[in-house]
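*Asks:* Start counting at 1 in the sequence shown, then tack on 96, and there's your number in the numbering used here.
Note that CB positions come from ideal geometry on N, CA and C, so glycine has one too.
The structure is given below, and queries will be raised subsequently.
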Amino acid sequence: MQTEVISGESRDRAIVRASVLGIVANVLLSAFKAAVGLATNSIAIALDAVNNLSDAAASIITVVGTKLARRRPDRKHPFGYGRIEYLSALVISLLVLYAGVASFTESVKKIVEPETPDYGASALVIVAAAVLAKIALGVHVKRVGKRVDSDALVNSGEDARLDAVISASTLAAAVLFMTTGLSLEAWLGALISLVIVKSGVGMVRDTVSRLLGEGAGVDLAREVKATVASFEGVAGAYDLVLNDYGPGAFLGSIHVEVPGDWSAARIDELTREIVETVRERHRVILAGVSVYAIDAGDVEAVRMRDKVRELALGHEHVRGVHGFHADVAAKKARFDLVVSFDAPDRDRVRDEVLAEVREAFPGYEFDDVVVDADFNEL
């Protein structure tokens, strides 16, 4: 499912509103839980209160990161500051990870030197209310995060969901102690801490992956290619490269196949229309639209192209052939071979295809066969 396209200001307002709601809710919950934890001598509830404070800090980081990411491009950062949002998400992930490690350390201390909790009905009511509040907050924040493509909000929402699980587990431990006298709080705290650590590691991994540079996503790549290929005269759209400069900020390039007898003026008009249409429909800026000339009027060249494509696609890891050009008089031909990243040896695939093509067209030179890749592999 593709993220909803929302204008910059509307997106910022949505993120700030959700974050402010998270700050207020988490500060109030932390105050209530701290009071209950101290009153009942409950390590699990006290740790839960600390975790709520870290959630409030995460929401503050989200607001600051969103504001900084909207800074205008300048000489030093000509493509803007959008990636600051990914750094914000990384900081939040590290906070979650730290909270999990700290909670685990405190829980182990309580296992070694146990203390008996003293629960009351009012304390349990507050914890139960906290569970419902965190579930509602987590669902709302995560939904907004997905809608506006904010990793920081998504991480905050997921953290809130974990908090609800923590609070519910704490409530279950309290009920168990009150009914059986069996205290499992410290052990429960350790188990919950490991769950938090696991979640934090996952958040860090996912955020670092985006910072390193992921593909733009199957849906967006497919839609951009379809839009470009829909223009009259374009026989195909290939080699789409999209660089992520923050949520909803993509800069890229693409190759198109057009008839070889087109004039430079006609190609210029086409590429301008492509750039403008893609920007309006998909919020993607195509910095370059390169051209492959196809030999539509040469019967022998067309026959060769179709045969080469047939032979190439007979190989498991070949995804396509484009940029084909044949000089029948000079008996020279070239093309780009799209080989999947799944292939164990992509150069070997090219050599195998090239051997079959040379056998099918003896006397032709195929010295310029390039192994290409679909950077948004479907």
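(1) Assuming Gly-329 and Asn-339 make a contact with CB atoms under 8 angstroms, what is their CB distance in whole Å?
(2) Would you tell me roughly how many angstroms separate the C-alpha atoms of Leu-117 and Arg-301, rounded to the nearest one?
(3) Could you tell me whether the Cβ atoms of Thr-158 and Ala-232 are closer together than 9 angstroms?
(4) With three or more C-beta pairs closer than 8 angstroms as the rule, is the region 232 to 246 touching the region 106 to 126?
(5) Assess, as a yes-or-no matter, whether the region 168 to 188 is touched by the region 295 to 309 under the definition of 3 or more beta carbon pairs within less than 8 angstroms.
(6) Any idea what DSSP makes of Ser-386, helix, strand or coil?
(7) By Cβ distance, which residues of its chain are closer than 7 angstroms to Leu-190, with the 5 residues on each side in sequence left out?
(8) Which of the three DSSP states is assigned to Lys-428 in this structure?
(9) Give the DSSP-derived three-state secondary structure of Asp-259 in the structure shown.
(10) Taking the alpha carbon of Asp-432 as the point to measure from, which residue in Arg-454, Pro-440, Gly-419 has its own alpha carbon closest?
(11) Have a look at Arg-454 and Asp-441 and give me their C-alpha separation to the nearest angstrom.
(12) Gly-384: buried (16+ other C-beta within 10 angstroms of its C-beta) or exposed?
(13) Of the residues Ser-126, Asn-137, Met-274, Ala-422, which one's Cα is nearest the Cα of Glu-396?
(14) Would you decide whether Thr-276 is buried or exposed? Buried here means 16 or more other CB atoms lie within 10 Å of its CB.
(15) Secondary structure at Glu-461, three-state DSSP: helix, strand or coil?
(16) Please determine if the region 167 to 179 and the region 287 to 297 are in contact, where contact requires at least 3 C-beta pairs separated by less than 8 angstroms.
(17) Who are the Cβ neighbours of Asp-335 in its own chain at under 7 angstroms, not counting the five residues just before and after it?
(18) Assuming Tyr-334 is part of the beta strand (DSSP E), what are its boundary residues?
(19) Only counting runs of 4 or more residues, tell me where the alpha helix (DSSP H) segments fall wholly within the region 142 to 208, in order along the chain.
(20) Closer than 8 angstroms by C-beta to Ala-451: which residues in its own chain qualify, once you throw out the five before and the five after it? Chain order, please.
(21) How is Arg-401 classed by DSSP in three states: helix, strand or coil?
(22) State the start and end residues of the unbroken alpha helix (DSSP H) segment that holds Glu-319.
(23) Return the chain-ordered list of same chain residues with a C-beta closer than 7 angstroms to the C-beta of Thr-303, the five sequence neighbours on each side being excluded.
(24) Once the 5 residues before and after Glu-461 are set aside, which same chain residues still bring their CB inside 6 angstroms of it?
(25) Whose C-alpha, out of Val-120, Val-320, Ala-425, is nearest the C-alpha of Val-380?
(26) Mapping DSSP to helix, strand and coil, what is Val-101?
(27) Which whole-angstrom value is the C-beta distance of Val-65 and Ile-363, which I expect to be below 8 angstroms?
(28) With Glu-353 as the anchor, note down where its beta strand (DSSP E) starts and where it stops.
(29) Determine, using beta carbons only, whether Tyr-334 comes closer than 9 angstroms to chain D.
(30) Do you know whose CA, among Glu-372, Leu-280, Asp-151, Ala-270, lies nearest Val-208's CA?
(31) Just how far apart, CA to CA, sit Leu-278 and Lys-230?
(32) Rounded to a whole number of angstroms, what is the C-alpha to C-alpha distance between Pro-355 and Ala-331?
(33) Could you name the residues of the same chain whose beta carbon sits closer than 7 angstroms to that of Ile-156, not counting the 5 residues immediately before and after it, in chain order?
*Replies:* Inspection of the coordinates gives the following:
(1) Asn-339 and Gly-329 do not touch by the CB rule: their CB atoms are close to 27 angstroms apart, not below 8 angstroms.
(2) 27 angstroms
(3) no
(4) yes
(5) yes
(6) strand
(7) Val-300
(8) strand
(9) Helix, per DSSP.
(10) Gly-419
(11) 20 angstroms
(12) exposed
(13) Ala-422
(14) exposed
(15) strand
(16) The region 167 to 179, when compared against the region 287 to 297, does not touch it at the 8 angstroms Cβ threshold.
(17) Ile-350, His-351, Asp-468
(18) 332 to 340
(19) 180 to 208
(20) none
(21) helix
(22) Taken as a continuous stretch (DSSP letters only), the alpha helix (DSSP H) holding Glu-319 covers 314 to 325.
(23) Tyr-182, Ala-185, Leu-186, Ser-189, Asp-247
(24) Lys-428
(25) Val-320
(26) Any reading at Val-101 must be qualified, since the residue scores a pLDDT of 46, below 50, and its modelled position is unreliable; no value is offered.
(27) Here the chain covers residues 97 to 474 and nothing more, so residue 65 does not appear.
(28) 346 to 355
(29) This model lacks chain D altogether, as it is built from one protein chain only.
(30) Looking only at Glu-372, Leu-280, Asp-151, Ala-270, the smallest Cα-Cα distance to Val-208 is reached by Leu-280.
(31) 27 angstroms
(32) Those two C-alpha atoms are separated by around 8 angstroms.
(33) Within the same chain, Ile-156 has close Cβ partners Ile-119.
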